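J.:
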Amino acid sequence: MALFKRIRKIKAFDVFLVAGLTALALFMLLPIVFIINHAFKPQNELFLFPPTFFVKHPTLRSFELLFLHAGSDVVPFTRYLFNSVFVAGITLALVILFSAMAAYVLAKKSFPFKSLAMSLIMISLMFAPETVQIPRYLIISGLHANNTYFGHVLPYLASPVAVFLLIGFIAQIPNELIEAIKLDGASEGRIFTRLILPLSAPALATISIFTFQGVWTDVETSSLFMQDETMRTLAFYVNSLVSGLQNSVAGQNMAAAAGLLVFLPNLIMFLLFQRMVMATMVHSGVK
Amino acid sequence: MTGPMPTPAHAVRNVRPSVVAGRLRRFAREFWSARVTYLFLAPFMTVFLLFIVIPVFMAAFLSFTSFDGFAFPKFVGFQNYIALLTQDIVFLRYALPHTFKFALIVGPGGYALAFLFAWLIHQLPKKWRDYYTLAFYAPSMAGGVALSVVWIAAFSGDRVGYLNHFLLQMGWIDLPRVWLQDPRYLMDIMILVSLWISFSVGFLAMLAGFQNVNAELYEAGRIDGIRNRLQEIFYITIPSMKPQMLFSAVMSIVTTLKAGGISVQLTGMPITPQYAGHLIVNHVDDYAFIRFQLGYASAVSVVLLVISYLVMRFAYRLFAPKEGD
């Protein structure tokens, strides 16, 4: 009887909602499911007619090819991978540090030119680096950062979105906490490392995810600032693998495998920090 | 210190230098007392100025010059802009209208879809929400580069292409279509693909916004005579999550206007067949990195910057909290 009552309580809207949304979610996931299946397909399954969506005889051959052979290429696959990991790691650490330092004083201090700095950051939220590639290229050349890891990292450190998200989050840390630790004789540096950084951990996790996604999938710094093939990143390599594929089917599984390697770290980062992301985005509003 | 004293009119002239000096001194003192603050701000501000502010001004400067990347830029006044607006047929006939079409559908369209999906997900029980969020967010996480192999396989032009095969099976087309090389379809596929991967930061912000709406407001609304969920959205949800909606709007404007890579990834060519997928960013790339007319390319990118600034003002006007809210 109780069960019957509970079933009656579920309204038609809820049934439609769950069914419709599940269908939509599965539809949205199609490319992801496809790329996973494609990456594990042996060469002969790519040429099957009718084309198959799911893999029948999964194999690790594509990954093996990527890692061990990548055959005629001058630069081994592992070099691209190393570049990507190295660049992403350094960028992540520095973006967190720089953005958190700036966000702390912008959220909690008042000083001359603060409003100017704030409005510059607000305007630059709309900024897309794609629009000023030429001056950026000139600046990177001027700094002699071509073909160095600086060329990959430096442009990414200027991340107004990260600072903006952090300001929103740090602003709601109670001032009393800061005053209390100040009374204990803490310096600004100590306040920052002992209080602000730990308390804004969710926001830091969030900007790490977005920054990581940006850097990890970026091809712009590789194609613009790096002329030396050994300095280019994984995303660039995947992009060049794919760009030869418009008229050929062979190699699609290798490109899918490489694409999957670009996607997986993003996914893992997000799964680890999903809760924290939502906690941060609550404070993300533009007021 | 006391506040400024009211001085008789005739004394002002003599006093002014010392007032200015006083002000300067006070300013210097404020500056000095904020020195640690500036130290905190310095690393970010340095890269911020170097890679965002200065490039914008440099682009503005270069747009008034003729510059090939080697010789020193030569000043040419407004000629780049005049040529752009009167002679550049490719820009006026393809890049500009295509960008507007693309941005209008992917921008507001993707935004509305993000709002709708976020709202639907919010109606689910709490423990399920994360899975659905992940499903919608995953494609944007993979991004354009990783997924381009998927689109190439799906929209492949022969019978083995997944879309062609499906449509042939259903009997909706008789012959396979070359989706990505045919100017008639390329734009629509670009829009479809971009929408697919458009549920990113802004989508998450909106989801968080829904969670943030005070539940008591809904109860109060019910007492005040709100009857269905649609009214709830209009009178309670949207007004209380305006900040998140604005942030999300800003994010979607930026991502759509800077789009340009997508056509290259789909077709494998920097210039799409018959300019079918030519967006403003592709136009900039064309002049900058293929023809090396950097001055002209800068003028195009300044136009794009101005457009995105205007769209942004519009979004702020639309979502900014009104007086008395």
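Sequence order for the protein chains is A and B. Residue numbering for the first sequence follows the numbering used here, beginning at -18 and increasing consecutively. Residue numbering for the second sequence follows the numbering used here, beginning at 29 and increasing consecutively. Here a beta-carbon is modelled for each residue, glycine too, at the ideal position from N, C-alpha and C. Keep in mind that this is a model prediction, so the values were computed, not measured.
1) Among residues of its own chain, excluding the 5 on either side of B/G172, which ones have a beta-carbon nearer than 7 Å to its beta-carbon?
2) Do you know offhand how far B/K270's Cα is from B/Q239's?
3) So, with DSSP's three-state summary, where would you put B/V40?
4) In chain B, which residues lie with their C-beta within 7 Å of the C-beta of A/Y85?
5) Using Cβ-Cβ distances below 8 Å, what residues of the segment 90 to 101 of chain B are close to chain A?
6) Return the residue from the list B/V81, B/G199 and B/Y344 that minimises the CA-CA distance to A/F108.
7) Name the DSSP beta bridge partners of B/F103, please?
8) Within 8 Å of any Cβ in chain B, is that where the Cβ of A/L135 sits?
9) Since B/Q151 meets chain A, which of its residues come closer than 7 Å, beta carbon to beta carbon?
10) Under three-state DSSP, which class holds B/W147?
11) Can you give the Cα-Cα distance for B/R257 and B/T295, rounded to whole angstroms?
12) Reducing DSSP to helix, strand and coil, say where B/A88 ends up.
13) Check each residue of the segment 114 to 132 of chain B: if its Cβ is closer than 7 Å to any Cβ of chain A, include it; give the result in chain order.
14) Helix, strand or coil for A/T129, going by three-state DSSP, please let me know.
15) Leaving out five residues before and five after A/S265 in sequence, what residues of the same chain have Cβ atoms less than 6 Å from its Cβ?
16) Starting from the C-beta of A/N247, find all residues in its chain whose C-beta is less than 6 Å away, skip the five residues before and the five after it, and write them out in chain order.
17) First and last residue of the alpha helix (DSSP H) that includes A/M103?
18) If you draw a straight line from the C-alpha of A/I172 to the C-alpha of B/G105, how long is it?
19) Is there a C-beta anywhere in chain A that falls below 8 Å from the one on B/Q239?
20) CB-CB under 7 Å to A/V196, same chain, minus the five flanking residues each way: which ones, in chain order?
21) Is B/A287 helix, strand or coil when you go by DSSP?
22) With contact counted as at least three CB pairs below 8 Å, one residue from each stretch, are the segment 128 to 144 of chain B and the segment 275 to 284 of chain B in contact?
23) Within 8 Å (strictly less), CB to CB, does B/F262 reach chain A?
24) Would you mind working out which of B/A343, B/D210 and B/L203 sits nearest B/A304, comparing C-alpha positions?
25) Counting only Cβ-Cβ distances shorter than 9 Å, please list the residues of the segment 56 to 67 of chain B near chain A, keeping chain order.
26) Any residues in the segment 7 to 20 of chain A with a beta carbon nearer than 8 Å to a beta carbon of chain B? Which ones, in chain order?
27) Could you tell me whether the Cβ atoms of A/R117 and B/P101 are closer together than 8 Å?
28) Does the beta-carbon distance from A/V36 to A/N18 come in below 8 Å?
29) Please name the residue, chosen from B/A243, B/A56 and B/G135, that lies closest to B/F231 on a Cα-to-Cα basis.
30) Could you work out which residue in A/V267, A/I77 and A/R60 is closest to A/L215 when comparing CA atoms only?
31) For A/I148, would you say it is in contact with chain B, using Cβ-to-Cβ distances shorter than 8 Å as the test?
32) Less than 7 Å between C-beta atoms, sequence neighbours within five positions excluded: which residues of the same chain meet that for B/L260?
33) Who are the neighbours of B/R187 on chain A, taking C-beta pairs under 9 Å?
34) Going by the CB atoms, is the gap between A/V56 and A/T211 shorter than 8 Å?
35) Leaving aside the five residues before and after B/V206 along the sequence, list all residues of the same chain whose C-beta is less than 6 Å from its C-beta, in chain order.
36) Measure the C-alpha to C-alpha separation of A/T273 and A/A81 and round it to an integer number of angstroms.
T.: Well, looking at it:
1) I225, G289, I290 and Q293
2) 13 Å
3) The pLDDT assigned to B/V40 is 48, lower than 50, so where the model puts this residue is not dependable; a value taken from the coordinates is nonetheless given after this. Note: B/V40 maps to helix in three-state DSSP.
4) F68
5) Going along the segment 90 to 101 of chain B in chain order, one finds L90 with a Cβ nearer than 8 Å to chain A.
6) B/V81
7) B/T93
8) Yes, A/L135 counts as interfacial toward chain B.
9) Per Cβ cutoff of 7 Å: L(-2).
10) helix
11) In a straight line, the C-alpha of B/R257 is about 44 Å away from that of B/T295.
12) helix
13) Under the 7 Å Cβ criterion, the segment 114 to 132 of chain B contributes no residue.
14) coil
15) L146 and G149
16) Excluding positions up to five away in sequence, the list reads Q194.
17) K95 to S105
18) 52 Å
19) yes
20) V68, A69, T72 and Y137
21) coil
22) Contact annotation: the segment 128 to 144 of chain B touches the segment 275 to 284 of chain B, with at least three C-beta pairs closer than 8 Å.
23) For B/F262, the answer is no, since every Cβ of chain A falls outside 8 Å of its Cβ.
24) B/D210
25) E58, F59, S61, A62, V64, T65, Y66 and L67
26) L7, M9, L10, P12, I13, F15, I16 and H19
27) no
28) yes
29) B/G135
30) A/R60
31) Not closer than 8 Å to any Cβ of chain B, the Cβ of A/I148 fails to qualify, so no.
32) Reading off the sequence shown, one finds Glu at residue 260 of chain B, where the question assumed Leu. Excluding residues within five positions, the ones whose Cβ falls inside 7 Å are Y246, G249 and I254.
33) F30, P31 and P32
34) yes
35) G185
36) Here chain A covers residues -18 to 268 and nothing more, so residue 273 of chain A does not appear.
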